[in-house]
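Colleague: Chains as they are written, first to last, in our numbering: chain A, 2 to 159; chain B, 881 to 1377; chain C, 757 to 1081.
Input: one structure, supplied below.
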Amino acid sequence: MNTVSVARWKAEIVGGALLAGVGGFFLVTAWRLPPPDEPGVPGPGSVPIALGLIILFCGLWVMVEAWLRGDRGGLELGGRKQAVALAGLVFATAFFEAAGFMLATFLFLSAGFVLLGDARWRRAIPAAAVVSSGLWLIFTKLLGVGLPYGLIAEILFR
Amino acid sequence: MDSWTFLLNGLWIALQPKNLLLCFIGCFWGSIVGVLPGLGPLAGMALLLPLTFTLDPAGAIIMLSGIFYGAMYGGSTTSILMRIPGEAASVVTCIDGYAMAQKGRAGAALSIAAIGSFVGGVFSVFGLMLLAPRLANAMLAIGPAAEFTILLAALAISIFAANGSVVKIIAMIALGLMLAMIGLDPLTATPRFTFGSLQLSDGLSFAAMAIGLFGVSEILMSFSQGLTERPKAPRLAEMLPTKREVKEAAMPTVRGSFIGFIFGIVPGVGHIVSTFASYAVEKALSRKPEEFGKGAVAGVAGPETANNATTGAAMIPLLVLGIPAIPVTAVLLSALTIHGIQPGPMLIAQHPQIFWGLIASMLIGNLMLVVLNLPLVSLFVSMLRLPYGYLAPTVLLICIIGVYSIKASAFDLSVMVAFGILGYGLRLLSFDIAPLLLAFVLGDRLEVNFRRALTISEGEYAIFLKGPAAQLAAAMAVAVMIGVIALKWRQKRAARA
Amino acid sequence: MSIRNGFGRVASVLALSLLATPAFAETYPTRPVTMIVPAPTGGGTDVFARVLAEIVEADLKQKFVVENRGGAGGTLGTTQVVTAKPDGYTIGFIWNSPLTTSPHSLNVAYTPDSYRAVMSIGYSSYVICAQPNFPAKDAKEMIEALKAPGAKFTYGNDGVGGTMQLAAERIFRELGVKVRGIPFAGAGETAKNFLGGHVDFYGGSLPPIIEHEKAGKAKCLLLTSAGRNQALPGAMGLSEINLNKAETVLWWGLIVPAGVPDDVVAKLERAFISAAASDKFRDTMAKQGATLRVLPGKATDALIRDELKALGEVAASLGILRRAQ
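Written out as structure tokens, the structure is:
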């Protein structure tokens, strides 16, 4: 399986930079919030400004520490399976409402079983069908959770 | 009549077949909604609330409370099996409970959690019975200033409870606090970091964040560890804790009961703070603190006990003051008012059958729950026998359903995915995500009370030392800070030696 | 995301209005009706909605499913109601704040034209209570104390931009007094901090404080409604201090998305008005310290529009009009 790896110190520096960036972003956004209504009493921006500074500082610290330590060991960022799981997740959540529960979960599960679990399509498809309709029945009928109907659930269960 | 006579009367009420049945229904239903991530006691109670309209008030509150403390039992199940925290109070259990499961000790972890929950639950009922009015006064004495100081101390505790470098932990705490600022500022109604979105004006959903950070990131992590290393499914004979595990769990369970009950008076977030406090105490007292995070039995027993030991204290504001401190007790309040009972300072005197019937039913319910939950352990653990390639997509799907079931919000699903990726990245770089979640949960109240206190005092910082409650809280906070610094220093020295 | 949903909904609305059949109401409702309550389970609004739903179900022989969609001061759930298919199968049971208060501080996507008021059931006032040792025996003496030179007091309210805060500030503005507002997350938290002595006055709804007033832990002096309330006999109404025009109360009603066929609205209006007039519901209202005052759709609509305008003026004077978005 092909995985992507980088040197740990490089990853730490990127991580620290991102952290510092997040801190800076919040700092700038918080700076634009309205000032306190009366002097001495913290306003809506006061605490976020302080937190933004702390995050910024910690991010820089992490960068400097990583630079000084210079850990050359490898850090495995992930491989095909992570990419597949993530893509599946993004797809399933994005189309969860539009496609309806049954279709989204059925596609997600059967693809997941095959690509992550190395199952054969012949086994994955019935398994996915059973799990998704089972979960649908448990959650909507037994627990009263409102899950998005879609064409399939509309036909099967309405 | 003293408390014990009242309790006997209460037992008589609770043991009536109808109330016994209602208690069982509540506990059973609570266990179910507690096990499922996302769905919590609140959703479970909402579903059964209309049913209670036809019951008498004592029966209604017996059943609904059963859902509440029953859900506390189930909350740890997914934390241990899949590293998905069912609710904020089981975040800590994700750490060592899941580590135990990976070592093939899932059955033991679940059993210890169930027994700890039982001990903590019973302990808290006795506390509620004997100390309710006094604790109510303590709760009233905690004003905005004292609450701020207590929450600050809780964050300091989490620095010690967490793993990794101090700078990284502080970064995570600050980030968690910052994420809690997203939404409408409660004091001025100014939208902060919402970028015009109405969904964000309510803030980020805790469940979406927690399930993403823990559950989703765990699935992603597990693929890089290689599928071959998956925990071996334990055999049925290995379900129960070993003698050594029981011994290791005993004292943490006792301490967890006390810690949980005391922290129960912390407004609103007592059940969460108590788990972190118990975890930190166990880590500080342990002879092998390095085992924490790698499946320490005490790291499951203590917090799980503490979490349930707060349930009694959580009922006090409702029963003694008529004020719901948490959303769950707000539902209990409406169940009572619908029957024409307005809880308040006179409830115990005017409606003893409700107060004592409830107390007695909580004792019986806790017993039912432990009997109900122990056999379920083997059922849950057998889920781990599924091939991981099938389990992983199913767990991800349960994450999706869990998040969606709370508010039916597609936006929350995106939040979950985003935090799944964030959690994955943070864990690769060995940032501990537990303090981030704790800070997020406390952040709201921490900031608001800080500013509220200063609004009352017109900017005078002396308010943080005004009054006995604030002074006590400040002394405690200073002691905690010194303790954390000392312990961290000891850790560092031990690591060097 | 919301834009895409919006388009989808607009499209489905168009499609539906083309398909909409006449004589709809003869059969309505043929399937369960979703009743959105934009508040979490367990509050007063929720209780009223559930009791009403139960009575209406028996009348119209169809399930009315209560769905709690709390968040953003009720505006999220309300948005969901006004953007639903206008077929009468999604209705909303709301309190006035998301309709008349929140639009001043939040960027909501609806106006009184995007929904239709079906009816309203009644109101409950807010109350201002002093500590038991406060040197005033009624509202008039309290006002004197507030007006005294050097007077410095704090009062707890339900949160900035909420109806309770606007109700109190409206009165204080008329009286020309300044009381420091300390916002809490709700009347329960306000009550807790008031009882603990952390604020001087309680400002909030009646239920959390009634029992404490009976126990002598609070002295309730002034209501935000014109008249008195029998649950708190010691508190004056605004008419007794000549401030009728500053009345602000909490009220509840039923809305549907604009565009629901007239006959369906008429059917809902009739069913809910008769449910609200029933003994069972009257009893529920009384237990919550609320006053029954059933208004039909037209009157409710007028109430919404007037209140929206009046509270907008108060909000503007307080400087909490929509901040940077």
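Here a beta-carbon is modelled for each residue, glycine too, at the ideal position from N, C-alpha and C.
This structure is a prediction, so every number in the text was calculated from the model and none was measured.
#1: Please state whether DSSP places L1309/B in a helix, a strand or coil.
#2: For the stretch 1126-1138 of chain B, which residues have a CB atom closer than 9 Å to at least one CB atom of chain C, in sequence order?
#3: Any residues in the stretch 908-932 of chain B with a beta carbon nearer than 8 Å to a beta carbon of chain C? Which ones, in chain order?
#4: If we ignore side chains and look at the alpha-carbon of each, how far apart do E114/A and A1051/B end up?
#5: Using beta carbons (cut-off 8 Å, strictly below), is G828/B in contact with chain C?
#6: Cβ of S945/B less than 8 Å from any chain C Cβ?
#7: Quick one: give me the first and last residue of the alpha helix (DSSP H) that V1275/B is part of.
#8: Give the range of the alpha helix (DSSP H) segment to which V913/B is assigned.
#9: So the candidates are A895/C, L832/C and A873/C; which of them puts its Cα closest to the Cα of L1080/B?
#10: On the CB-based measure, 16 or more other CB atoms within 10 Å of its CB, does A93/A come out buried or exposed?
#11: Tell me, please, whether the CB atom of V916/C is closer than 8 Å to any CB atom in chain B?
#12: Give the interface partners of I56/A over in chain B, defined as CB-CB distance under 7 Å, in chain order.
#13: Let me confirm a value: N889/C is counted as buried when at least 16 other C-beta atoms fall within 10 Å, else exposed. Which label applies?
#14: By the criterion of Cβ-Cβ separation under 8 Å, what are the contact partners of I1218/B in chain C?
#15: Taking CB distances under 8 Å as the criterion, tell me whether I941/B reaches chain C.
#16: Could you tell me whether the Cβ of T1029/B comes closer than 8 Å to any Cβ of chain C?
#17: Following the continuous alpha helix (DSSP H) through F957/C, name the residue where it begins and the one where it ends.
#18: Using a Cβ cut-off of 8 Å (strictly closer), state whether Q1351/B contacts chain C.
#19: Tell me the rounded alpha-carbon separation between F109/A and M1242/B.
#20: Answer yes or no: does any C-beta atom of chain B fall closer than 8 Å to that of D119/A?
#21: From this set, A1058/C, S881/C, P842/C and K896/C, which residue's C-alpha is nearest M920/C's C-alpha?
#22: How many whole angstroms separate the CB atoms of A865/C and T835/C, which I take to be in contact at a CB cut-off of 8 Å?
#23: Does DSSP put T1074/B in a helix, in a strand, or in coil?
#24: Tell me the DSSP secondary structure of I997/B in three-state form.
#25: In three-state DSSP terms, what is E66/A?
#26: How would you call L1077/C, buried or exposed, if buried means at least 16 neighbouring beta carbons within 10 angstroms?
#27: Is any beta-carbon of chain B found at less than 8 Å from that of E930/C?
#28: Could you work out which residues of chain B lie near F97/A, taking near to mean beta carbons separated by less than 9 Å?
#29: Quick one: grab the DSSP three-state call for E77/A.
#30: Applying the criterion that 16 or more other CB atoms from any shown protein chain within 10 Å of the CB defines a buried residue, is Y1341/B buried or exposed?
#31: Cβ of Q887/C within 8 Å of Cβ of P963/C?
#32: At a CB distance below 7 Å, what residues from the stretch 847-876 of chain C approach chain F? Give them in sequence order.
#33: Taking just the CA atoms, how far does A1176/B sit from D976/B?
#34: If the cut is a Cβ gap below 8 Å, which residues of chain A does Y949/B touch?
#35: Per DSSP, which residues does N913/C bridge with? Please list them.
#36: Quick one: Cα of H860/C to Cα of A1072/C, how far?
Modeller: On the basis of the data shown:
#1: Position 429 of the second sequence, counting from 1, holds the residue named residue 1309/B. Here L1309/B sits in coil by DSSP.
#2: If the cut-off is 9 Å between Cβ atoms, the stretch 1126-1138 of chain B has nothing near chain C.
#3: Using a CB distance below 8 Å, the part of the stretch 908-932 of chain B facing chain C consists of L922, M925, A926, L929 and P930, ordered along the chain.
#4: Numbered from its first residue, the first sequence carries residue 114/A at position 113. Numbered from its first residue, the second sequence carries residue 1051/B at position 171. According to the sequence provided, residue 114/A is Phe. The question's Glu does not apply to it. Each residue's alpha carbon lies about 38 Å from the other.
#5: It is not possible to answer for residue 828/B, since the shown part of chain B is limited to 881 through 1377.
#6: By 1-based counting over the second sequence, the position of residue 945/B is 65. Cβ-Cβ to chain C under 8 Å: no for S945/B.
#7: Translated into the one-based positions of the second sequence, residue 1275/B becomes position 395. Segment Y1268 to K1287, the alpha helix (DSSP H) holding V1275/B.
#8: For the purposes of this step, residue 913/B is identified with residue 33 of the second sequence, where counting begins at 1. V913/B -> alpha helix (DSSP H) spans P897 to V915.
#9: Start at 1 with the first residue of the second sequence, and residue 1080/B comes out as number 200. For L1080/B, the nearest C-alpha among the options comes from L832/C.
#10: Your numbering for residue 93/A matches position 92 in the first sequence. Under this definition A93/A is a buried residue.
#11: In the third sequence, counting from the first residue as 1, residue 916/C sits at position 160. Using beta-carbon distances, V916/C counts as an interface residue toward chain B, with a partner under 8 Å.
#12: Taking the first residue of the first sequence as position 1, residue 56/A is located at position 55. Identification of chain B residues near I56/A by a Cβ-Cβ cut-off of 7 Å yields A1051, A1054, L1055 and M1058, ordered along the chain.
#13: Here residue 889/C refers to the residue found at position 133 of the third sequence. So N889/C ends up on the exposed side.
#14: Within the second sequence, the letter at position 338 stands for residue 1218/B. Simply V803, V807, T1040 and K1043.
#15: Position 61 of the second sequence, counted from the start, is the residue given in the question as residue 941/B. Residue-level contact check: I941/B does not touch chain C, since none of the beta carbons of chain C fall below 8 Å from its beta carbon.
#16: Reading the second sequence from its first residue, position 149 is the one you call residue 1029/B. Chain C places no beta carbon closer than 8 Å to that of T1029/B, leaving this residue out of the contacts.
#17: Within the third sequence, the letter at position 201 stands for residue 957/C. Annotation for F957/C: no alpha helix (DSSP H) segment contains it, though the beta strand (DSSP E) segment containing it runs F957 to S961.
#18: Translated into positions along the second sequence, residue 1351/B becomes position 471. It does not: the Cβ of Q1351/B has no partner Cβ on chain C nearer than 8 Å.
#19: By 1-based counting over the first sequence, the position of residue 109/A is 108. By 1-based counting over the second sequence, the position of residue 1242/B is 362. In a straight line, the C-alpha of F109/A is about 43 Å away from that of M1242/B.
#20: Here residue 119/A corresponds to residue number 118 of the first sequence, with the count starting at 1. D119/A has a beta carbon lying within less than 8 Å of a beta carbon in chain B.
#21: Reading the third sequence from its first residue, position 164 is the one you call residue 920/C. Of the candidates A1058/C, S881/C, P842/C and K896/C, the one whose C-alpha sits nearest the C-alpha of M920/C is S881/C.
#22: As a working note, residue 865/C is residue 109 in the third sequence. As a working note, residue 835/C is residue 79 in the third sequence. So it is a contact: roughly 6 Å between Cβ atoms.
#23: As a first step, residue 1074/B is located in the second sequence; it is residue number 194 there, counting from the start. Per DSSP, reduced to three states, the secondary structure at T1074/B is coil, with no helix or strand assignment.
#24: Within the second sequence, numbered from 1, the residue matching residue 997/B stands at position 117. Reading the sequence as shown, one finds Ser at residue 997/B and not Ile. DSSP places S997/B in the helix class (H, G or I) of the three-state scheme.
#25: Taking the first residue of the first sequence as position 1, residue 66/A is located at position 65. Helix.
#26: Numbered from its first residue, the third sequence carries residue 1077/C at position 321. Low per-residue confidence applies at L1077/C: pLDDT is 49, beneath 50, and the placement is therefore not dependable, though the value from the model is reported in the following sentence. L1077/C is exposed by the Cβ-count criterion.
#27: On the third sequence, position 174 is the one that residue 930/C refers to. Output row for E930/C: interface = no.
#28: Stepping through the first sequence from its first residue, residue 97/A is reached at position 96. Going along chain B in sequence order, the residues near F97/A (Cβ under 9 Å) are I1280, Y1284, A1290 and L1293.
#29: Taking the first residue of the first sequence as 1, we reach residue 77/A at position 76. Reduced to three states, the DSSP call for E77/A is strand.
#30: Residue 1341/B sits at position 461 when you count from the first residue of the second sequence. Y1341/B is exposed by the Cβ-count criterion.
#31: Position 131 of the third sequence holds residue 887/C. Position 207 of the third sequence holds residue 963/C. No, these two residues do not count as a Cβ contact at 8 Å.
#32: In summary, chain F is missing from the structure at hand, where the protein chains are A, B and C.
#33: As a first step, residue 976/B must be located in the second sequence, where it is residue number 96. As a first step, residue 1176/B must be located in the second sequence, where it is residue number 296. So the two alpha carbons sit approximately 6 Å from each other.
#34: For this step, residue 949/B is matched to residue 69 along the second sequence. In chain order: nothing, as chain A lies at least about 19 Å away.
#35: For this step, residue 913/C is matched to residue 157 along the third sequence. Per DSSP, P939/C.
#36: Position 104 of the third sequence, counted from the start, is the residue given in the question as residue 860/C. Position 316 of the third sequence, counted from the start, is the residue given in the question as residue 1072/C. In this structure, the straight-line span from the alpha carbon of H860/C to that of A1072/C is close to 8 Å.
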